[in-house]
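These notes are about the structure you will find just below.
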Amino acid sequence: MWTTSRDEEKKEARREELLKKGFELFSTKTIETISMRDVASAVGCGSASIYRYYSSKPEFVVAVATWKWKQFYEEYQKRRPGEGFEDMTAAEIFEFYLDSFLSMYRENIGILRFNQFFNVYIQSEHIGADTLKPYQEMIERLRNGFHGMYLKAQMDKTLRTDEPEEKLFSKTIHLMLAAVTRYAVGLVYIPESGFDAMEELEFLKKLILEKYKA
Numbered sequence: 000m001w002t003t004s005r006d007e008e009k010k011e012a013r014r015e016e017l018l019k020k021g022f023e024l025f026s027t028k029t030i031e032t033i034s035m036r037d038v039a040s041a042v043g044c045g046s047a048s049i050y051r052y053y054s055s056k057p058e059f060v061v062a063v064a065t066w067k068w069k070q071f072y073e074e075y076q077k078r079r080p081g082e083g084f085e086d087m088t089a090a091e092i093f094e095f096y097l098d099s100f101l102s103m104y105r106e107n108i109g110i111l112r113f114n115q116f117f118n119v120y121i122q123s124e125h126i127g128a129d130t131l132k133p134y135q136e137m138i139e140r141l142r143n144g145f146h147g148m149y150l151k152a153q154m155d156k157t158l159r160t161d162e163p164e165e166k167l168f169s170k171t172i173h174l175m176l177a178a179v180t181r182y183a184v185g186l187v188y189i190p191e192s193g194f195d196a197m198e199e200l201e202f203l204k205k206l207i208l209e210k211y212k213a
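Under numbering that gives the first Met the number 0, the first residue of the sequence shown is numbered 0, with each subsequent residue one higher.
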């Protein structure tokens, strides 16, 4: 059972516990069906305790999204070949970027399920820009990495840049994220003989790669 603590280290550990449990619950059920009381009960604290950390459910949900995408970003950074992308062509970086969506499907379906429920929740609850700001700032870090790749492509010519950067980013992230998410939540046609999700996702990745490689 939780007890109130003024120790900063313990407070942060408990905040982490709340975020972890929130993600676990939100990614297995729709966010609308999980209350703050459910999260509090799952970690063994009273509802009042959770509100000492987050003033509202929308604030908590956004905090969970920010925390989980931060984890993904850090894992993405660790998977980079060598010390970074310095020795890679823009086309190689682009392929690595596309592969990250496939890795997400293979290794972290939970974040895809959560993201689907999160998008529905913030729209249905009309979550404001101020509340979403921490999440948007985290996503912008991913956007900045794409910008660096685009600049390199303008120099090494291994990737087409006749399409505006913003359009290329929007098109590829929406196509890849939508595809892996649909497989993650089961919104796909399933033939009687079954199918290979990774084979189909690899096919989509190959199509996009061939479209933009110079």
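Heads up, the beta-carbon is just placed ideally off N, CA and C, and yes, glycines get one too.
- Here the segment 169-185 lies against the segment 97-109, with 3 or more beta-carbon pairs under 8 Å apart.
- Distance from the Cα of Val61 is smallest, within the candidate group Gln122, Lys9, Asp86, Ala41, for Gln122.
- The shortest CA-to-CA distance from Thr130 to any of Glu164, Asp37, Lys210, Phe59 is the one to Phe59.
- Separation of Phe117 and Ile108 (C-alpha to C-alpha, rounded to the nearest whole angstrom) is 14 Å.
- With contacts defined as CB atoms closer than 9 Å, Leu111 and Tyr120 fail to qualify as a contacting pair.
- If you draw a 10 Å sphere on the C-beta of Tyr188, you find fewer than 16 other C-beta atoms in it, and that means exposed.
- Given a length threshold of 4 residues, each whole run of the alpha helix (DSSP H) inside the segment 105-137 is given here in chain order: 108-123.
- Glu165 is the residue among Glu165, Thr157, Leu186 whose C-alpha sits nearest the C-alpha of Asn143.
- Counted as a single uninterrupted DSSP element, the stretch harbouring Asp86 is not any alpha helix (DSSP H), since DSSP gives it neither H nor E.
- Taken atom to atom, the span from the alpha-carbon of Glu201 to that of Val42 is near 39 Å.
- The Cβ atoms of Ala64 and Tyr134 lie closer than 9 Å to each other.
- DSSP places Lys28 in the coil class of the three-state scheme, outside both helix and strand.
- Taken through DSSP and simplified to helix, strand or coil, Lys212 comes out as strand.
- In the assembly as shown, Thr29 is an exposed residue. Its beta-carbon has fewer than 16 other beta-carbons within 10 Å.
- Thr157 places its beta carbon less than 9 Å from that of Ala213.
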